Amino acid sequence: MRAIQITEFGGPEVLQVSDVPEPVAGDGQVLIKVDRAGINYADTHQVENSYLSKTELPLIPGGEVVGHTEDGRRVVALVGSGGYAEQAVAHAPYAWDVPEGVTDGQALALVLQGTTAWHLLKTSTHLQPGESVLVHAGAGGVGSLAVQLAKLWGAGRVIATASTEEKRKQVLDLGADAAIDGTPEGLKDRILEANGGKPVDIVLEMVGGRTFDESFAALGRFGRLVTFGAASRQSAAPIDSSRLMKGSKTIAGFWLADCFANPQLLGGPLTELFDLTAGGKLRPIVGGEYALSDVASAHEDLRARRTVGKLLLDPTR
């Protein structure tokens, strides 16, 4: 079958179409004919071996797929790796039926980014009605859903960062109360201005480096910052414990992989997200679709921040 298989670590240039053996489902697994695979920013880290979990070669990237099982179910599944292919194998508890009213692209947007946004707001930061929320990369896969969920769940003011004027307009259309430039220089001041001169209660941060530092500086009393990525590939400055004590601030980390040991930590939120989407209350954004042979361009676009929403990969092209 056709698949993207890498035999060396590197940038988008190592992503090449290969002919590989078809996978075989073992006990407790399901074989899925892949209609679309999801493309995630984490994939760019996995391909260069800079992800939180180390990767072994050869590797077929891609952690999520939507397609049909051998008995005809339409499912969305987390596969760990192997998604950039015509067929993939998933452990049965991590393959969920996609309900009517939810498209393939929407299902892929929800299974990883949606559940991440859900946990960031509910599990990591415990959003309370009326609180202000800063969402970095508000036009991205997680960000575009987090903006909407924060508003649905009663946030008082939602501020989103985005890199271009077009993206800032998009996040305002999704319900953000303010959209600002996410450039690190002067970011703290722009956050405060967007929040009426007040520090924010919650920050969802996935850039790292100076963006993390500026965001923490804009955090109010009893504020919570959760970090769930490092898109800048830079480390933030160390934070002395006294800076946490003054203002009673919290820094948390979140990695969806820590939910994988318990499928219900994914299935429960996903059911809620499916219902919101089918009911028209949540709008997952599908930002682009790429042929399997053009996956390197998808990674280049992701790394250059040229994308919005969820990116899909079509294994038939």
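Number 179 in UniProt numbering belongs to position 179 of the sequence shown; there are no gaps in the numbering. The beta-carbon is built from N, C-alpha and C at its ideal position, and this holds for glycine as well. The model shown is predicted, which means the values in this text are computed figures rather than measured ones.
So the alpha helix (DSSP H) Ile191 belongs to, where does it begin and stop? Taken as a continuous stretch (DSSP letters only), the alpha helix (DSSP H) holding Ile191 covers 187 to 194.
For my contact list, Leu270 and Thr115 are in at a C-beta cut-off of 8 Å; report their separation, rounded to the angstrom. Confirmed, Cβ separation roughly 6 Å.
Helix, strand or coil at Ala107 according to DSSP, with G and I counted as helix: Reduced to three states, the DSSP call for Ala107 is helix.
Can you check whether the CB of Val79 is closer than 8 Å to the CB of Val98? Not closer than 8 Å, so no.
Let's see if you can read the secondary structure: which residues bound the alpha helix (DSSP H) around Trp96? First-last for Trp96: 95 to 97, but that is the beta strand (DSSP E), not the alpha helix (DSSP H).
Give the DSSP-derived three-state secondary structure of Gln46 in the structure shown. Note: Gln46 maps to helix in three-state DSSP.
Local conformation of Ser215 per DSSP, three classes: Three-state DSSP puts Ser215 in a helix.
Mapping the DSSP letters down to three states, classify Arg74 as helix, strand or coil. DSSP places Arg74 within a strand segment (E or B) once states are collapsed to three.
How long is the line joining the alpha carbons of Ser163 and Arg305, rounded to whole angstroms? Approximately 8 Å, taken between the alpha carbons.
Met60 vs Gln16 beta-carbon contact at 8 Å: According to the sequence shown, residue 60 is Ile rather than Met. No.
Thinking just about the alpha-carbon of each residue, which of Pro93, Ala218, Gln29, Asp301 is nearest to the one in Arg243? Among Pro93, Ala218, Gln29, Asp301, the Cα nearest to that of Arg243 belongs to Ala218.
First and last residue of the uninterrupted alpha helix (DSSP H) at Gln170: Gln170 -> alpha helix (DSSP H) spans 165 to 173.
Helix, strand or coil at Arg224 according to DSSP, with G and I counted as helix: Strand.
Is the region 87 to 97 touching the region 123 to 137, taking contact as three or more C-beta pairs under 8 Å? No, the region 87 to 97 does not touch the region 123 to 137.
Rounded C-alpha distance that separates Arg210 from Phe228: Each residue's alpha carbon lies about 15 Å from the other.
Three-pair Cβ contact test at 8 Å for the region 163 to 178 versus the region 254 to 269: Cβ pair count under 8 Å is below three, so no.
Determine which residues share a DSSP beta bridge with Asp314 and list them. DSSP lists Ala291 as partners of Asp314.
First through last residue of the beta strand (DSSP E) which encompasses Glu64: From DSSP, the beta strand (DSSP E) with Glu64 extends over 64 to 69.
Hey, would you say Glu70 sits closer than 8 Å to Gly11, going by beta carbons? No. Outside cutoff.
Helix or strand or just coil, what does DSSP make of Gly140? Looking at Gly140 - three-state DSSP - the assignment turns out to be strand.
Burial state of Asn262 (16 or more Cβ within 10 Å): Counting the other CB atoms within 10 Å of its CB gives Asn262 a total below 16, which places it among the exposed residues.
Taking a contact to mean a Cβ-Cβ separation below 8 Å, would you say Ala117 touches Ile32 in this structure? Cβ atoms of Ala117 and Ile32: not closer than 8 Å.
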